[in-house]
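Engineer: Using our numbering, read the sequence shown as starting at 46 and increasing by one per residue. Every residue gets a Cβ at the ideal spot worked out from N, C-alpha and C, and that includes glycine.
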Amino acid sequence: MSSAANVRLRVDKWLYHARFFKSRTLAGKFCQASNVRVNTETIAKAHVLVGPGDVLTFAKAEQVKVVKILAIGKRRGPAPEAQALYEDLSPTPAQRAKNLSAPPALREPGQGRPTKAERRALDRLKETD
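Have a look at this one:
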């Protein structure tokens with residue numbers, strides 16, 4: 046038959062087996078909403094095949110999950126069995142907090158669109174030419 050390295054599974058089924066979703070239907074709807082990226086490519090269908098070595102990126106519970114697939118599950122088993130299917134590459138909470146604590150970009154006053162008074166002054170300047 047096929048070797049274990051060539052075994053591939055639908056992405057919705059894999060997300061269900063890895064216990065990221067409570068039902069396969071929810072996983073399928075999540076994929077169809079283009080919320081999942083497989084190896085940096087956004088997918089719009091749940092029938093995309095994934096296998097060991099693929100990297101999935103998706104937002105779940107207000108955080109971005111980056112997961113490398115290590116194995117394909119045969120069933121939806123207990124949590125320890127599901128956690129053995131992937132390696133979590135997501136940023137740690139400390140890294141996320143560091144990124145969020147960065148000061149917002151400040152713009153200098155006077156940049157951007159002119160105010161109404163500035164526009165009128167420009168119009169007067171143009172009319173005198």
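Helix, strand or coil: which one does DSSP assign to E132?
Structural biologist: Residue state, collapsed to three classes: strand.
Engineer: Tell me the residue span of the alpha helix (DSSP H) that contains A63.
Structural biologist: It is not in any alpha helix (DSSP H) - A63 carries neither H nor E in the DSSP assignment.
Engineer: If you draw a straight line from the alpha carbon of K161 to that of P154, how long is it in whole angstroms?
Structural biologist: Roughly 15 Å separates the two Cα atoms.
Engineer: Could you say if the region 50 to 69 and the region 115 to 132 meet the contact criterion of at least three C-beta pairs nearer than 8 Å?
Structural biologist: Contact between the region 50 to 69 and the region 115 to 132 is present, because at least three Cβ pairs lie under 8 Å.
Engineer: D57 and C76 - do their beta-carbons sit closer together than 8 Å?
Structural biologist: For C76 and D57, yes; Cβs fall inside 8 Å.
Engineer: Go ahead and pull the three-state DSSP assignment for N51.
Structural biologist: DSSP places N51 in helix when its eight states are reduced to three.
Engineer: Which of the three DSSP states is assigned to A104 in this structure?
Structural biologist: Looking at A104 - three-state DSSP - the assignment turns out to be strand.
Engineer: Measuring straight from C-alpha to C-alpha, what distance separates A142 and S135?
Structural biologist: Roughly 13 Å separates the two Cα atoms.
Engineer: Roughly how many angstroms lie between the CA atoms of V112 and G157, to the nearest whole one?
Structural biologist: Cα to Cα, the separation comes out at about 41 Å.
Engineer: Which residues does DSSP list as the beta-bridge partners of E86?
Structural biologist: V83.
Engineer: Taking the alpha helix (DSSP H) that R5 falls in, what are its first and last residues?
Structural biologist: A query on residue 5 cannot be resolved here, the shown segment of the chain reaching from 46 to 174 and no further.
Engineer: Closest to G122 by CA distance: which of V52, N51, K67 and R53 is it?
Structural biologist: Among V52, N51, K67 and R53, the Cα nearest to that of G122 belongs to K67.
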